[in-house]
Amino acid sequence: MKYNRPLLLPFILAACSGGGSSGLPDGRPVDVEGFETYTTAHNGYARVRRSYATDADAEALAAFEDADPADPAGYRQLIALNEARYGDRMNIEVIAEVDTPDGPATRLVRLTVDQAPFSNEQGGELIAATGRFYLRGANYAWATIDGGPLLAGSDDEGLVNMVIDFDSETVDLNLRTGVGGESALRSEIEVADLPLNIRSGAYGGGVTIQVWDPDSPDILSVDGSLRGNLGGTPDYTDGVNNLSTSGLYTADGVDDATGRHVRIDGVFVGVDPNAP
3 MKYNRPLLLP FILAACSGGG SSGLPDGRPV DVEGFETYTT AHNGYARVRR
53 SYATDADAEA LAAFEDADPA DPAGYRQLIA LNEARYGDRM NIEVIAEVDT
103 PDGPATRLVR LTVDQAPFSN EQGGELIAAT GRFYLRGANY AWATIDGGPL
153 LAGSDDEGLV NMVIDFDSET VDLNLRTGVG GESALRSEIE VADLPLNIRS
203 GAYGGGVTIQ VWDPDSPDIL SVDGSLRGNL GGTPDYTDGV NNLSTSGLYT
253 ADGVDDATGR HVRIDGVFVG VDPNAP
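Residue numbering for the sequence shown follows my numbering, beginning at 3 and increasing consecutively.
This is the structure in structure tokens:
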């Protein structure tokens, strides 16, 4: 009698391959240079960090690691998020050098966004393999033009729109800062189809950043990069999605039209626009 059982083996292998230990797809790779990324040991948050620190900053940075640090002399933590809105979803740290305790930042030292874990798996299945989610929030930027002083821009509605598309595994972003109040810098990023990993929540890629020179009519454009993470779960409770996001972006280059140099770094955060 002839047995055909060996013919089943390729089918079994095909059914079990291509998705890691859980059998789910690994998702699109997101590899963006210029950012330090890892999962923190103390709370399991997804961290994105850029550091401009020198050896002279080491003592000050160590002071910021205390449980309840006071800003050491000559340095300041620049961002205090709206706890009611962002709560335990993320931790944001922007450390800068300052001339006086209440004066403006003169140099960035370190930028860090820690995003609460992202979960898109339940019972061995993806919670969301399809559908779109929308986030809005705040955006902060710091730039120098032609080596001039550090200009700060911010907008509590500066994450104008974020579209998270699980079908195409992409993210579209519109980020802005404007001039007014304490914000002295107008800037904008508008980018489509950034790669998104629907398993890890990581996303990012190349972006073009526009910066308006406050002392001339020039609008300067430079190429840079952006790296962010999703947190929470891609589902809805009481009509509000449970996702949040945070990320960093950076550019250091020359505007092709004018030959002028721009260096800019930024931080953004976001939640469902209908979240309280």
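Idealized CB from N, CA, C, for every residue including glycine. Predicted, not measured: the structure shown is a model, and the values here were computed from it.
Contact under 8 Å by Cβ, residue i with residue j
i, j, result
"D220", "R262", "yes"
"L152", "T108", "yes"
"R52", "L128", "no"
"L161", "G272", "yes"
"T2", "S227", "Here the chain has residues from 3 to 278 only, and residue 2 is not among them."
"D116", "N84", "no"
"G233", "F66", "no"
Same chain, Cβ closer than 6 Å to residue i, neighbours up to 5 away in sequence not counted
i, result
"N243", "F135, D274"
"N199", "G29, R30, V32"
"V256", "H263"
"W214", "R188, I221"
Three-state secondary structure (DSSP) of residue i
i, result
"A98", "strand"
"F168", "coil"
"D59", "helix"
"Y238", "strand"
"D217", "coil"
"R265", "strand"
"R201", "coil"
"A107", "strand"
"G89", "helix"
Buried/exposed call for residue i, threshold 16 Cβ in 10 Å
i, result
"G230", "buried"
"S246", "buried"
"P103", "exposed"
"R7", "Unreliable positioning characterises R7 in this predicted model, as indicated by a pLDDT of 40, which lies under 50. The coordinate reading is nonetheless provided below. Flag for R7 reads exposed."
"Y238", "exposed"
"Y47", "buried"
"N122", "buried"
"V181", "exposed"
Contacting residues, own chain, Cβ-Cβ under 8 Å from residue i (five flanking each side not counted)
i, result
"S185", "A154, G155, S156, D157, T179"
Nearest-angstrom beta carbon gap, residue j and residue i [assumed within contact, 8 Å]
i, j, result
"Y142", "I81", "6 Å"
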